[in-house]
Amino acid sequence: MPDDAVQRRLGRLMVLACATAFFGLAPQASRAQGQCATEFKDQTSAPVTDGSTVCGTAVGNKCTFQLELCVNQSEGSCTPNDLKRKRIHAKGHCGGIGKLNVKANGTSSVCGNSAGVNVKTKNHGTQTG
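Everything in the sequence shown is counted per this note's numbering, starting at 84 for the first residue and increasing by one.
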């Protein structure tokens with residue numbers, strides 16, 4: 084296999100690993116306060132599910148994902164609750180994760196603004212950082 088093809092595959096694997104690590108740090112507000120999901124959406128406004136990939140390109144030693152945080156996302160037979168916290172923040176070790184927040188609006192399904200989240204990489208995006 085040519086080196087370019089190997090680099091691309093390793094880069095894709097790195098993006099998947101970073102996204103998986105990042106989404107493991109999703110806020111737990113919905114679990115503690117209601118039945119409906121708290122989820123991340125990518126730049127296409129599609130929900131990011133466990134084990135899925137997010138389109139991202141590693142540049143230098145970081146990979147940037149454009150994400151938004153959403154609360155009271157109905158799935159199946161859940162009942163949205165009036166969240167006790169009026170502003171929900173994402174927490175984690177990735178740069179920019181604190182910018183992901185959403186203002187709760189009663190039992191409505193709402194999303195915050197999109198923000199860039201940086202994930203550190205090694206070897207120009209071929210290994211986790």
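Idealized CB from N, CA, C, for every residue including glycine. Quick caveat: nothing in here was measured; it's all calculated off a predicted structure.
If the five residues before and after K186 are omitted, its C-beta is found closer than 6 Å to the C-beta atoms of R170, all from its own chain and listed in chain order.
In the three-state reduction of the DSSP assignment, K169 falls in the coil class.
Taking every protein chain shown into account, the CB of E151 has 16 or more other CB atoms within 10 angstroms, so this residue is buried. Residue range A120 to D125 is occupied by the beta strand (DSSP E) that includes E122. Here DSSP, grouped into helix, strand and coil, assigns G195 to coil. Note on T162: under 16 other CB atoms within 10 angstroms of its CB, so exposed under the neighbour-count rule. Put simply, the backbone Cα of E158 is about 32 Å away from that of A141. The C-beta of N188 has fewer than 16 other C-beta atoms within 10 Å across all chains shown, which makes the residue exposed. Between N164 and S191, the gap from beta carbon to beta carbon reaches 9 Å or more. Beta-bridge annotation (DSSP): C161 is not paired with any residue.
Bounds of the beta strand (DSSP E) holding T147 are K145 to Q156. A distance below 9 Å separates the beta carbons of N201 and K145. Shown here, K205 sits in a strand according to DSSP, grouped into three states.
For K182, the secondary structure class from DSSP, reduced to helix, strand or coil, is helix.
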